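The next block holds one structure in the form of structure tokens; read it before the comments.
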Amino acid sequence: MQPPATGEPTLRLEGIRKSYGTGTAHETEVLHGVDLSLARGEFAALIGPSGSGKSTLLNLIGLLDKPSSGKIFLIGQEAEGLADKDLTQLRAKAIGFVFQFHNLLPAFTAVENVMLPLLAARGRPDAAMRTRAEQLIDKVGLKPWGHHLANDLSGGQQQRVAIARALVMQPALVLADEPTGNLETQSANSVFDLLREVSSGGTTFLIVTHDPRLAARCDRLIELVDGRIESDKATPVARP
Ligand code: ADP
24 MQPPATGEPT
34 LRLEGIRKSY
44 GTGTAHETEV
54 LHGVDLSLAR
64 GEFAALIGPS
74 GSGKSTLLNL
84 IGLLDKPSSG
94 KIFLIGQEAE
104 GLADKDLTQL
114 RAKAIGFVFQ
124 FHNLLPAFTA
134 VENVMLPLLA
144 ARGRPDAAMR
154 TRAEQLIDKV
164 GLKPWGHHLA
174 NDLSGGQQQR
184 VAIARALVMQ
194 PALVLADEPT
204 GNLETQSANS
214 VFDLLREVSS
224 GGTTFLIVTH
234 DPRLAARCDR
244 LIELVDGRIE
254 SDKATPVARP
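Residues 24 to 263 in the numbering used here are what the sequence shown spells out, letter by letter.
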């Protein structure tokens with residue numbers, strides 16, 4: 024794979040369109056030409072009404088689905104035309120995912136869950152992987168819990184493990200879909216504080232949220248309405 028071109032943004036979208044049901048009587052275009060660029064270290068919220076296309080856009084950026092037309096550049100690399108193997112490699116290298124439901128493996132420990140992406144990339148476990156996972160578990164404030172099964176952790180703790188797992192490959196971009204959506208207020212706030220804290224290392228974050236208080240704490244607010252970017256602006260006073 025080519026190294027990233029210098030000066031390229033972490034993410035660049037050009038004219039992204041997406042239709043579902045292509046070739047059927049029910050073909051519907053849900054994204055109508057989205058242009059977007061995210062620089063290194065940006066901490067941005069993606070907001071908009073339900074059905075406006077946020078998840079569709081996140082899936083495209085995460086290389087989990089392909090646009091009907093338009094271009095996606097991640098760390099300077101264009102996704103179109105890559106073989107599946109190279110797409111998988113680009114995704115693993117460039118992107119970390121945090122979902123509302125953290126998708127941890129319940130019968131594995133917190134540390135083992137964080138090791139999984141490393142294991143998938145490198146084939147077999149080694150001591151360095153475990154050390155890296157333990158460092159991240161420490162960083163997300165879970166040191167005493169590292170060797171507990173994911174199943175035995177609270178919702179907020181599980182989401183911290185998911186954040187550590189998203190960071191383990193040192194991705195350029197973290198995509199978070201309602202990362203605090205199933206947490207009560209205090210836990211949601213502290214998970215959000217953690218996201219802000221870990222973003223300070225130059226990782227770019229794009230966070231889908233319908234919580235206006237959390238969106239206001241991002242540096243940039245990108246609003247999607249009916250499959251188009253309706254507004255894109257810096258938040259007046261981003262509160263750390
Ligand atoms: P949001 O995340 O903003 O709620 P979505 O991206 O989930 O929006 O959905 C945007 C539109 O695309 C909606 O009208 C939804 O019904 C439609 N849609 C989403 N996924 C599919 C799919 N797999 N097949 C057909 N239509 C879909």
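Beta carbons are placed, not taken as given, at the ideal position from N, Cα and C, and that holds for glycine.
Keep in mind the model is a prediction, meaning the values are calculated, not measured.
Endpoints, the beta strand (DSSP E) within which residue i is located
i: Asp255; result: Arg251 to Ala257
i: Gly119; result: Ile118 to Val121
i: Leu61; result: Thr51 to Leu61
i: Arg40; result: Leu34 to Tyr43
i: Asp200; result: Leu196 to Asp200
i: Ala239; result: From DSSP, Ala239 is part of no beta strand (DSSP E); its letter is neither H nor E.
i: Leu69; result: Phe66 to Ile70
Residue i versus the options, residue with shortest Cα-Cα distance
i: Val121; options: Leu128, Glu50, Ile39 and Val184; result: Val184
i: Arg243; options: Val53, Asp175, Ala151 and Glu65; result: Glu65
i: Glu52; options: Thr79, Arg35 and Glu37; result: Thr79
i: Ala151; options: Val191, Ala130 and Val163; result: Val191
i: Gly224; options: Arg63, Leu36 and Val57; result: Arg63
i: Arg188; options: Asn205, Asp249, Leu237 and Ile118; result: Ile118
i: Arg236; options: Asp58, Thr208 and Ile160; result: Thr208
i: Lys89; options: Cys241, Leu165, Leu54 and Arg145; result: Leu54
Range of the contiguous alpha helix (DSSP H) that encloses residue i
i: Ile230; result: No alpha helix (DSSP H) holds Ile230; the beta strand (DSSP E) holding it covers Thr227 to Val231.
i: Arg145; result: Ala133 to Arg145
i: Ser177; result: No alpha helix (DSSP H) contains Ser177, which DSSP labels as neither H nor E.
i: Ile98; result: Premise fails: Ile98 is in no alpha helix (DSSP H) and is neither H nor E.
i: Phe215; result: Thr208 to Ser222
i: Ala130; result: No alpha helix (DSSP H) contains Ala130, which DSSP labels as neither H nor E.
Buried or exposed (CB count within 10 angstroms, at least 16 for buried), residue i
i: Thr45; result: exposed
i: Glu253; result: exposed
i: Pro32; result: buried
i: Ala257; result: exposed
i: Glu201; result: buried
i: Glu157; result: buried
i: Ser73; result: exposed
i: Thr132; result: buried
i: Gly76; result: buried
i: His125; result: buried
i: Lys166; result: exposed
Test: residue i CB closer than 9 Å to a CB of chain C
i: Ala187; result: The chain labelled as chain C is not found in the depicted structure, where only one protein chain is given.
Supposed close pair residue i, residue j - CB separation, criterion 8 Å
i: Leu198; j: Ile70; result: So it is not a contact: roughly 15 Å between Cβ atoms.
i: Ala68; j: Leu61; result: Not a contact, Cβ separation roughly 12 Å.
i: Ile186; j: Val221; result: 7 Å
i: Ala102; j: Leu127; result: 27 Å between Cβ atoms; not a contact.
i: Ala195; j: Thr226; result: 7 Å
At least three beta-carbon pairs within less than 8 Å, the stretch 167-186 to the stretch 200-214: yes
Segment contact flag, the stretch 102-110 with the stretch 135-150, C-beta cutoff 8 Å, min 3 pairs: no
Validate contact between the stretch 160-178 and the stretch 90-106 using beta carbons, cut 8 Å, 3 pairs: no
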